[in-house]
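Protein chains in written order, with the numbering used here: chain A, 1 to 31; chain B, 1001 to 1419.
Even glycine gets a Cβ: it sits at the ideal position worked out from N, Cα and C.
Predicted model only: the values in this text are computed from it and were never measured.
Each remark here refers to the structure printed beneath this line.
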Amino acid sequence: VAIFGNTQQKTLEVVYDGATGRIGFGTAGCT
Amino acid sequence: ESHQYQYTHTIHVASLLPSSACTSDAAAQAWDKDSSLSVVHKHGPCSQLHQEKASIPTHAQILLQDEVRVKSIHSKLAKNLDLNNAKQTDAAAQLPAKDGSLIGSGNYIVTVGLGTPKKDLSLIFDTGSDITWTQCQPCVRRCYKQKDPIFSPALSSTYSNVSCSSTACSSLNSATGNSPSCSSAACVYGIQYGDSSFSVGFFAKEKLTLTSRDVFNNFLFGCGQNNQGLFGGAAGLLGLGRNKLSLPSQTAVKYKKIFSYCLPSSRSSTGFLRFGNGRVSKSVNFTTLSTIPQGESFYGINIIGISVGGKKLSISASVFAGSGAIIDSGTVITRLPPTAYSALRSEFRGQMKQYPMAQPLSILDTCYDFSKYSTVTIPTISFLFSRGVEVPINARGILYANGKTQVCLAFAENSDDSI
């Protein structure tokens, strides 16, 4: 598999929604 | 950092280098109110585990350990695929014996409370593994050195061992890749990592305190009595995978298996790990979470394409679809199928040809010498996921700096398109 690693996840808001089977990405998540 | 037409980032080279002072991001402060924990880099100045400079691994060591983690993920998937197909091949026999989950070096730390009275423990947070464990007194066989005091079940009024005959005990098989064993009717877990690090101990229940308003009784965790490996002073690991023993599954009644995080832009700043669906910002775009058949604990994602400097790379959809992809908080560098990486590297190098190149750094083969520059302009990189979700990568997620003289494109390739 390809792997999306943590360097590329920096400052993104990453939302895991295991209930509805979605994953979300937002920019500038730490600010 | 400034953006020109959204196709480039212009950044100060100095900002790519580590700072010795911790600067908390505003949004990461005082979040106890909304089920949030502060996230810090294990080796950065915001971490209580911050070590003497001499004991912090070099970037080359970090990347080497990252490669070990990636190999372990691949071998775990390959092993499960092999088991699913009911075939035992010579190749499978050469895989690491027990690679249930994985430790790497670029890990982020959160602090949680365990027991009554509560003891704070700094744990590596990991979406790529399932069970939560910490080192426990009396460390029957061995404990490595950690910064926090080692948890002592004898001093907690809410600790209890899990029995060997319980469903929870038998669930360890899928969560760790290892069959549990039994000691005086107490369930014994064992988890081994790709770099030969491991933890063995009692599987137990205890009160877990995430924040003052988020307290869980009877949380199942590993109370490690024999622990060795490259855990860097952390007290253990917080398993955020998809198995039913993971933290999101055990707290599903309250949080509905929803959690979010933001990894800070540098080692010297803080991010957050938040549980539940409160305060998800409006800018978040959702794509489909998929399941890798051979690795159901992993969070699968569907990469559709990549753009560099606003130009969509010409990569056949079958390249990504053939291998699948996961998102992992414990892998440092994104790994791509060779065909995709080759296209990314070629376009990036083409748009960076004004800068002198430098020696490769471990698995990173596209490096530049920025020592003569105070600012540099680099192309933006965006990932395209299913459902039309485009995710621009932060400038500090595009480059990996080993000093001004060796700043590298922070992507690497898998050994084979089919992986």
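Inset, instruction - Report yes or no: do the region 1170-1188 of chain B and the region 1248-1263 of chain B share at least 3 C-beta pairs separated by less than 8 Å? - result: Touching, no.
Inset, instruction - Check whether the Cβ of Pro1018/B lies closer than 8 Å to any Cβ atom in chain A. - result: Indexing the second sequence from 1 puts residue 1018/B at position 18. No, no contact with chain A.
Legend entry - Reduced DSSP secondary structure (H/G/I, E/B, other) of Lys1311/B: The count along the second sequence starts at 1 and reaches residue 1311/B at position 311. DSSP places Lys1311/B in strand when its eight states are reduced to three.
Legend entry - Enclosing beta strand (DSSP E) for Arg22/A [first to last residue]: As a working mapping, residue 22/A is identified with position 22 in the first sequence. Start and end: Arg22 to Gly26.
Legend entry - Residue from Val1013/B, Thr1270/B, Phe1348/B and Gln1146/B whose Cα sits closest to the Cα of Leu12/A: Taking the first residue of the first sequence as 1, we reach residue 12/A at position 12. For Leu12/A, the nearest C-alpha among the options comes from Thr1270/B.
Inset, instruction - Measure the Cβ-Cβ separation of Pro1153/B and Ala1234/B and say whether it is below 8 Å. - result: Locating residue 1153/B in the second sequence gives position 153, counting from the first residue. Locating residue 1234/B in the second sequence gives position 234, counting from the first residue. Contact flag unset, no.
Inset, instruction - Would you please verify whether the beta carbon of Ala1234/B is less than 8 Å from any beta carbon of chain A? - result: As a working mapping, residue 1234/B is identified with position 234 in the second sequence. Among the residues facing chain A, Ala1234/B is not included, as its CB has no counterpart in that chain under 8 Å away.
Legend entry - Cβ-based burial, Gln1146/B [other Cβ within 10 Å; buried from 16]: Against the second sequence, residue 1146/B aligns to sequence position 146. Counting Cβ neighbours within 10 Å, Gln1146/B comes out buried, since at least 16 surround it.
Legend entry - Residue burial classification, Ala1026/B (beta-carbon count within 10 angstroms, cutoff 16): For the purposes of this step, residue 1026/B is taken as residue 26 along the second sequence, with counting starting at 1. Residue confidence is low: Ala1026/B scores 46 on pLDDT, short of 50, so the model does not pin down where it sits. Its coordinate-derived value is still stated next. Taking all protein chains in view, the Cβ of Ala1026/B is surrounded by fewer than 16 other Cβ atoms within 10 Å, so the residue is classified as exposed.
Inset, instruction - Step through the CB atoms of chain A and report whether any lies within less than 8 Å of the CB of Arg1396/B. - result: Mapped onto the second sequence, residue 1396/B falls at position 396. Output row for Arg1396/B: interface = yes.
Inset, instruction - With 8 Å as the limit, tell me which residues of the region 1308-1333 of chain B have their beta carbon closer than that to any beta carbon of chain A; keep them in chain order. - result: Residues passing the 8 Å Cβ filter: Phe1320, Ser1323, Gly1324, Ala1325, Ile1326, Ile1327, Asp1328, Ser1329, Gly1330, Thr1331, Val1332 and Ile1333.
Inset, instruction - Rounded to whole angstroms, what's the CA-CA distance from Ser1246/B to Gln1137/B? Just pull it up for me. - result: Your numbering for residue 1246/B matches position 246 in the second sequence. Your numbering for residue 1137/B matches position 137 in the second sequence. Note on geometry: alpha-carbon atoms of Ser1246/B and Gln1137/B lie some 23 Å from one another.
Inset, instruction - Could you tell me which uninterrupted alpha helix (DSSP H) segments, each at least 4 residues in length, are contained entirely in the region 1235-1283 of chain B, listed from first to last along the chain? - result: List check, alpha helix (DSSP H) in window: 1247-1250 and 1252-1255.
Inset, instruction - Can you pull the chain A residues whose beta carbon is under 7 Å from the beta carbon of Tyr1261/B, in chain order? - result: Within the second sequence, residue 1261/B is the residue found at index 261, counting from 1. Ordered by position in chain A, the residues that pass the 7 Å Cβ test against Tyr1261/B are Val14.
Inset, instruction - Classify Thr1008/B as helix, strand or coil using the three-state DSSP reduction. - result: Stepping through the second sequence from its first residue, residue 1008/B is reached at position 8. Correct three-state label for Thr1008/B: strand.
Legend entry - Given Ala19/A as reference, the closest of Val1308/B, Phe1259/B, Asn1414/B and Asn1402/B once Cα atoms are compared: Here residue 19/A corresponds to residue number 19 of the first sequence, with the count starting at 1. Checked all of Val1308/B, Phe1259/B, Asn1414/B and Asn1402/B; the closest Cα to Ala19/A is Phe1259/B.
Legend entry - beta strand (DSSP E) segment containing Thr1287/B, residue limits: If you number the second sequence from 1, residue 1287/B lands on position 287. Segment Asn1285 to Thr1288, the beta strand (DSSP E) holding Thr1287/B.
Legend entry - Top-ranked residue by Cα proximity to Asn1277/B, from Val1/A, Ala28/A and Arg22/A: On the second sequence, residue 1277/B is found 277 positions in, with the first residue counted as 1. Closest option to Asn1277/B, Cα to Cα, is Arg22/A.
Legend entry - C-beta neighbour in chain A for Tyr1299/B, strict 8 Å: Position 299 of the second sequence holds residue 1299/B. Answer yes: the Cβ-Cβ gap between Tyr1299/B and chain A drops below 8 Å somewhere.
Inset, instruction - Using 10 angstroms around the beta-carbon of Ala1317/B, count the other beta-carbons present and answer buried if the total reaches 16, otherwise exposed. - result: The residue given as residue 1317/B occupies position 317 in the second sequence. Under this definition Ala1317/B is an exposed residue.
Inset, instruction - Give the C-beta separation of Leu1273/B and Ser1036/B to the nearest angstrom, bearing in mind that I take them to be a contact with Cβ-Cβ under 8 Å. - result: Counting from 1 along the second sequence, the entry for residue 1273/B is found at position 273. Counting from 1 along the second sequence, the entry for residue 1036/B is found at position 36. Their Cβ separation, rounded to whole angstroms, is 7 Å, which keeps Leu1273/B and Ser1036/B in contact under 8 Å.
Legend entry - chain A residues whose Cβ lies nearer than 8 Å to that of Ser1265/B: In the second sequence, the residue the question calls residue 1265/B occupies position 265. Per Cβ cutoff of 8 Å: Lys10, Thr11 and Cys30.
Legend entry - For Phe1257/B, the nearest candidate out of Pro1248/B, Gly1177/B, Tyr1189/B and Cys1143/B (CA to CA): For the purposes of this step, residue 1257/B is taken as the residue at position 257 of the second sequence. In the sequence under discussion, the amino acid at residue 1257/B is Lys, which differs from the Phe named in the question. Nearest to Lys1257/B by alpha-carbon distance, out of Pro1248/B, Gly1177/B, Tyr1189/B and Cys1143/B, is Pro1248/B.
Legend entry - Run of the alpha helix (DSSP H) containing Ser1415/B, from where it starts to where it stops: Position 415 of the second sequence, counted from the start, is the residue given in the question as residue 1415/B. Ser1415/B -> no alpha helix (DSSP H), and no H or E assigned at all.
Inset, instruction - Report yes or no: is there a C-beta of chain A within less than 8 Å of the C-beta of Val1389/B? - result: For the purposes of this step, residue 1389/B is taken as residue 389 along the second sequence, with counting starting at 1. True, the Cβ-Cβ gap to chain A drops below 8 Å.
Legend entry - Residues near Asn6/A by beta carbon distance below 8 Å, same chain, minus five either side: Residue mapping note: residue 6/A aligns to position 6 of the first sequence, counting from 1. If we look at Asn6/A and ignore the five residues flanking it on each side, it has no Cβ neighbours.
Legend entry - Proximity below 8 Å, CB of Gly1322/B to CB of Asp1416/B: Taking the second sequence and counting its residues from 1, the one referred to as residue 1322/B is at position 322. Taking the second sequence and counting its residues from 1, the one referred to as residue 1416/B is at position 416. At the C-beta level, Gly1322/B and Asp1416/B stay beyond 8 Å of one another.
Inset, instruction - State the Cα-Cα distance for the pair Val1070/B and Thr1331/B, rounded to the nearest angstrom. - result: Within the second sequence, the letter at position 70 stands for residue 1070/B. Within the second sequence, the letter at position 331 stands for residue 1331/B. Those two C-alpha atoms are separated by around 7 Å.
Legend entry - Euclidean distance between Cα positions of Lys1119/B and Thr1134/B: As a working mapping, residue 1119/B is identified with position 119 in the second sequence. As a working mapping, residue 1134/B is identified with position 134 in the second sequence. Answer to the nearest angstrom: the Cα atoms are 12 Å apart.
Inset, instruction - Can you check DSSP and say which residues form a bridge with Phe1202/B? - result: Walking along the second sequence from the start, residue 1202/B turns up at place 202. Phe1202/B pairs with Val1188/B and Cys1223/B.
Legend entry - Local Cβ density within 10 Å of Lys10/A, reported as buried at 16 or more and exposed below that: Taking the first residue of the first sequence as 1, we reach residue 10/A at position 10. A buried status is given to Lys10/A, since no fewer than 16 other beta-carbon atoms sit within 10 Å of its beta-carbon.
Legend entry - 9 Å Cβ cut-off: residues of chain A touching Phe1286/B: As a first step, residue 1286/B is located in the second sequence; it is residue number 286 there, counting from the start. Close to Phe1286/B, with beta-carbon spacing below 9 Å, are these residues of chain A in chain order: Val15, Asp17, Thr20, Arg22, Ile23, Gly24 and Phe25.
Inset, instruction - Kindly confirm or deny that the region 1365-1383 of chain B and the region 1342-1356 of chain B touch, where touching means at least three C-beta pairs closer than 8 Å. - result: The region 1365-1383 of chain B is in contact with the region 1342-1356 of chain B.
Legend entry - Beta-carbon contacts of Ala1086/B that lie in its chain and below 7 Å, excluding the five residues immediately before and after: Working through the second sequence from its first residue, we reach residue 1086/B at position 86. No answer about Ala1086/B holds up, because its pLDDT of 35 lies below 50 and its placement is not dependable.
Inset, instruction - Determine the DSSP secondary structure at Phe1320/B, reduced to helix, strand or coil. - result: Translated into positions along the second sequence, residue 1320/B becomes position 320. In the structure shown, Phe1320/B sits in a helix (DSSP, three-state: H, G or I).
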